[in-house]
Amino acid sequence: MKFSDVIGNRQAVARLRDMIDADRLPHALLLHGAPGVPKLALARAATQYLHCTNRTPQGEPCGQCPSCRQHQSFNHTDTTFSFPYLKKDDASTCADYLPQWREFLTEHPVEDYEAWLSILKNDNSQPRIFVKESEAILNRMTLSAYVSKYKVLIMWLPEKLRDDAANKLLKLIEEPYDDCKFILVSDDAQAILPTIFSRTQRLELTRPTLDEVAAVLETTAGIDRRDALALAATADGNVTAALHLLDAKGENVEFHDRFVTLMRQAYLRDLPGLKAWSESVADFKREKACRFLAYAARQVRENFVYNLHMPDLNYLTAQEEQFSTRFAPFINAGNVEQLLTLFNEATRDIRGNASARIVLFDMAVHTTILIKK
Ligand SMILES: [Zn+2]
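First residue of the sequence shown? That's 140 in my numbering, and the numbers climb one at a time after it.
Here it is in structure tokens:
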């Protein structure tokens, strides 16, 4: 992992690099920021850079030295990962989950708690960091570093430490051995036990800009810049959410098709067509029907904005915009609020277990009235 692989947060990246160059990395550093802000990648890049024996003039780990090679295969002798896990028995520690953890880091360059839960095959029990893991950390940290100047513990989600597990670590974090570095990576710093939180130095990471998120989508998925920016905006700069949307991109194409059909048939007052339409959307499972309604509401808002001719405020894919050139004039100040209310109420009713066919047909009939306003 290189610093250049970290998405966004260039100032924080530069600060961390400077600390390491000056050999002033704090003993206990907390990288924190909202879920979906890439932080674990920065912790990994910093650790690889700290251990690299041949840093590049550009301030990156070389990628070639034995240390870098070990890091790249998630096998570095002086680096330990700690993370929330499920207790298999009283002796369980993170060491029991290393194959899953490596799979997680490989498959998810941006950490994603939901993805970790599905790898753990979580059955509703809460993954935590348990006291046995703290004991294992104490044991590892008392051994001196094998090959590097520093041994590093990267702990993902210290807010998941159980109180007894956190208490065991307090002394070590407060008076660490000279060759120990703790890098804690948190989605929710306020949820960290105050006794741990107060012993750390903090670096807050913020959401990457839409341009930075779009650039990731362009390179990882090969989609064009416009579509990438539209997805980044929908995800509100949350990288994990944007990647999820990318997975659902096929769904968006399907949703666009249903949205266009609804609006065309509503304009033509084609009631038999609308009946068939509402049955086809009702055939989606309930959650998918609700996702469609959220999509339809977003399209209505985007088309309203489209009329203002302010492209900077508009996030439409190329396909969506093609439809908007003709459709947008039908969305105006006289009907935009009512259409949004209509879609929201349909979502509420479907969630409340009303018959989706009836709700959607009723919604479609009301749309015929509103679209002519
Ligand atoms: Zn190296």
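All C-beta atoms in this analysis are idealised placements derived from N, C-alpha and C, irrespective of residue type, glycine included.
Predicted model, so just to flag it, every value in this text is computed and none were measured.
Could you give the distance in angstroms between the alpha-carbon of residue i and the alpha-carbon of residue j?
i, j, result
"G202", "S143", "12 Å"
"M502", "D366", "29 Å"
"V307", "K271", "Note on identity: in this sequence residue 307 is Lys, with Val being the wrong assignment. About 10 Å."
"T486", "L296", "34 Å"
"S419", "A185", "51 Å"
"D303", "F321", "19 Å"
"P468", "A381", "29 Å"
"K227", "Y445", "55 Å"
"F213", "R183", "10 Å"
"A428", "P177", "31 Å"
"I510", "I470", "7 Å"
"R241", "D317", "28 Å"
"Q209", "P200", "12 Å"
"L259", "D251", "13 Å"
"P196", "N483", "55 Å"
"N453", "D409", "30 Å"
"F464", "R440", "Sequence inspection shows Thr at residue 464; the Phe mentioned does not correspond to that position. If you take the alpha carbons of T464 and R440, they lie about 14 Å apart."
"Q211", "R194", "15 Å"
"H448", "G412", "32 Å"
"F269", "T232", "7 Å"
"E426", "R490", "8 Å"
"L455", "L481", "22 Å"
"D235", "L370", "37 Å"
"V475", "F466", "13 Å"
"I335", "I312", "8 Å"
"G376", "T348", "6 Å"
Residue i by DSSP, collapsed to three states: which one?
i, result
"I268", "strand"
"I312", "helix"
"V420", "helix"
"H448", "coil"
"L300", "strand"
"A167", "strand"
"V286", "coil"
"K427", "helix"
"F494", "A quick correction: the sequence has Ser, not Phe, at residue 494. Coil at S494, not helix or strand."
"K511", "coil"
"P145", "Inspection of the sequence shows that residue 145 is occupied by Val rather than by Pro. Of the three classes helix, strand and coil, the one that applies to V145 here is coil, per DSSP."
"M294", "strand"
"I258", "helix"
"I322", "strand"
"R465", "helix"
"Y406", "helix"
"Y434", "helix"
"L455", "coil"
"G412", "helix"
"A472", "coil"
Please give me, in chain order, every unbroken run of the beta strand (DSSP E) with length at least 3 that falls completely inside the region 174-251.
218-221
Count the CB pairs spanning the region 157-177 and the region 325-342 that are closer than 8 Å, and state whether there are at least three.
yes
Inter-stretch contact at 8 Å, needing at least 3 Cβ pairs: the region 271-291 / the region 240-250
no
When the Cβ atoms of the region 359-377 are set against those of the region 153-163, are three or more pairs found closer than 8 Å?
no
Start-end ranges of the beta strand (DSSP E) lying completely within the region 329-389, minimum 3 residues:
340-343
Give a yes or no on contact between the region 416-436 and the region 395-406, applying the rule of three or more CB pairs nearer than 8 Å.
yes
Contact between the region 425-440 and the region 382-396 is defined here as three or more beta-carbon pairs at a separation below 8 Å; is this criterion met?
yes
Check whether the region 140-154 and the region 348-358 are in contact - that is, three or more C-beta pairs closer than 8 Å.
yes
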